[in-house]
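Right, one structure below, let's go through it.
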Amino acid sequence: MGGFLVVGVHSDADILINKGPTVMKEEERYAAVAACKWVDEVVPNAPYLTSLEWMDKYNCDVCVHGDDITTMADGSDCYQAVKDAGRYWECKRTQGVSTTELVGRMLLMSSDHLRKQQHAASTSPFLPTSQKIVQFSEGKEAQSGDRVVYVDGAFDLFHIGHIEFLKKAKEEGDYLLVGVHDDDVVNKIMGSNFPIMNLHERVLSVLQCKYVDEVIIGAPYTVTKDVLQKIAKVSVVCHEKSVAYENDVDGREPYSLPKELGIYKEIEAPSNDISTETIIDRIIENRKLYEARNKRKLEKAALEDKMLEERDKDRQ
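Per the UniProt record's numbering, the sequence shown starts with residue 1, numbered consecutively.
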């Protein structure tokens with residue numbers, strides 16, 4: 001759609017007024033957007049109401065949004081001014097997972113989301129396709145002489161802690177190969193309702209990160225000879241030093257092979273203390289607040305759907 005992508009990220013305070021409490025803090029969200037491989041510039045504290053003056057300030061020709069309507073707290077369209085000026089473009093919204101859906105999964109505290117579609121605070125179910133994965137993947141292969149780094153994990157609720165770890169891992173070589181464990185493996189190792197996000201949701205979250213070159217979908221929990229040689233010849237296997245790991249279900253130590261080969265390396269933990277568990281704790285500790293958020297979001301979504309239907313009728 002263009003040659004340079006500027007992404008405005010709203011503040012926690014603005015989102016609280018117009019949508020409800022955030023799950024990720026604004027500094028975490030700024031960093032997460034900055035790590036997306038399609039983003040050229042991040043604008044922190046972008047106003048919820050997009051104005052022509054704001055677009056001009058950052059030399060933006062057009063404002064792009066999904067084909068749904070987003071409203072202010074008072075029910076007005078956030079993008080009406082840029083629409084009236086003819087500087088608004090739409091792209092088809094990816095039907096699938098949303099923040100509201102993920103919050104609902106964490107509040108429910110079950111693993112049903114791995115087996116069946118959620119209702120209640122939910123968008124349409126995420127339907128992964130090969131084309132969608134191709135869109136997220138650059139298809140970049142390791143070149144001769146590249147130092148290939150391999151890391152693996154669940155990468156559930158992809159967050160700034162994951163991003164900082166992947167950044168440090170990439171610094172160990174030229175090409176970063178990431179193994180993402182499948183749902184059954186993660187659930188057997190971590191138990192409870194993990195993972196919150198299913199395999200394909202987690203894979204796409206990892207693929208969009210600018211430090212990642214390739215992903216193994218459903219990588220084995222124990223690093224095998226095939227993992228080290230089939231996709232690319234791995235030079236070093238990295239693991240975050242402060243993150244403890246369990247033995248495989250058959251009792252094997254997951255990194256025994258790279259340790260025997262002398263290519264295993266532990267790297268220092270990220271500077272922040274965020275993890276998948278801390279994100280879940282934020283939801284659980286403020287359960288009533290987030291339950292109210294999801295209820296308001298559903299009511300707001302119903303109003304926005306009605307506005308969308310009326311708009312589509314006017315276009316016919």
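Just so it is clear, CB atoms sit at the ideal spot from N, CA and C, and this is done for glycine as well.
In the DSSP output, which residue or residues are listed as bridge partners for residue i?
| i | result |
| --- | --- |
| H65 | E90 |
| V151 | V178 |
| Y264 | V237 |
| E214 | L177 |
| C209 | C36 |
| E41 | V6 |
| D77 | T71 |
Confirm, please, whether the CB-CB distance from residue j to residue i is below 7 Å.
| i | j | result |
| --- | --- | --- |
| E90 | D67 | yes |
| P44 | Y58 | no |
| V206 | F155 | yes |
| D157 | I279 | The amino acid occupying residue 157 in the given sequence is Leu; Asp does not appear at that position. Result yes, Cβ atoms of L157 and I279 sit closer than 7 Å. |
| V223 | V212 | no |
| E26 | D14 | no |
| K288 | A269 | no |
| H239 | E266 | yes |
| Q229 | F136 | no |
| A219 | D146 | no |
| residue 404 | I283 | Residue 404 lies beyond the residue range present for the chain, which begins at 1 and ends at 316; the question has no answer from this structure. |
Could you work out which residue in the options is closest to residue i when comparing CA atoms only?
| i | options | result |
| --- | --- | --- |
| L257 | N286, V180, Y221 and E101 | Y221 |
| D281 | Y150, I196, C60 and M55 | I196 |
| M1 | N247, Q143, C60 and E141 | C60 |
| A244 | G86, I189, N193 and E138 | I189 |
| D183 | E171, K167 and E201 | E201 |
| W54 | A169, E28 and A81 | A81 |
| V249 | S144, D56, E28 and G191 | G191 |
| N198 | Y255, L102 and G86 | L102 |
| R93 | E28, R87, V64 and A85 | V64 |
| R56 | A85, I133 and T100 | Per the sequence shown, the amino acid found at residue 56 is Asp instead of Arg. Comparing Cα-Cα distances from D56 to each of A85, I133 and T100, the minimum goes to A85. |
| N18 | D74, R252 and K313 | D74 |
Using a Cβ-Cβ cut-off of 7 Å (strictly less than) and excluding sequence neighbours within five positions of residue i, which residues of its own chain qualify?
| i | result |
| --- | --- |
| L5 | W38, V39 and D40 |
| residue 322 | Outside the shown range of the chain, which is 1 to 316, sits residue 322, and nothing can be said about it. |
| K210 | A35, C36 and K37 |
| V148 | A142, G173, Y175, L177, A232, K233, V234 and S235 |
| K116 | Confidence at K116 is low in this model, with a pLDDT of 44, below 50, so the placement of that residue is unreliable and no value is reported for it. |
| A169 | V149, V151, L176, C238 and I267 |
| Y255 | V223, V237, H239 and Y264 |
| E253 | N247 |
| K167 | Y211 |
Give the C-beta separation of residue i and residue j to the nearest angstrom, bearing in mind that I take them to be a contact with Cβ-Cβ under 8 Å.
| i | j | result |
| --- | --- | --- |
| V42 | V9 | 6 Å |
| V180 | I216 | 7 Å |
| Y150 | L177 | 5 Å |
| A32 | I163 | 6 Å |
| G161 | N272 | 6 Å |
| E28 | H159 | 7 Å |
Between residue i and the rest of its own chain, which residues show a CB-CB distance below 6 Å, the 5 nearest in sequence each way excluded?
| i | result |
| --- | --- |
| E310 | none |
| V203 | V180, V215 and I217 |
| E246 | I189 |
| M24 | none |
| V7 | V33, V39 and V42 |
| V227 | none |
Which same chain residues end up closer than 8 Å to residue i when comparing Cβ atoms and leaving out the 5 residues on each side of it in sequence?
| i | result |
| --- | --- |
| residue 321 | Summary: the structure shown does not reach residue 321, with the chain confined to residues 1 through 316, and so no result is reported for it. |
| L16 | T22 |
| N286 | P21 |
| A292 | G20 |
| L52 | A81, V82, A85 and R87 |
| K225 | L257 |
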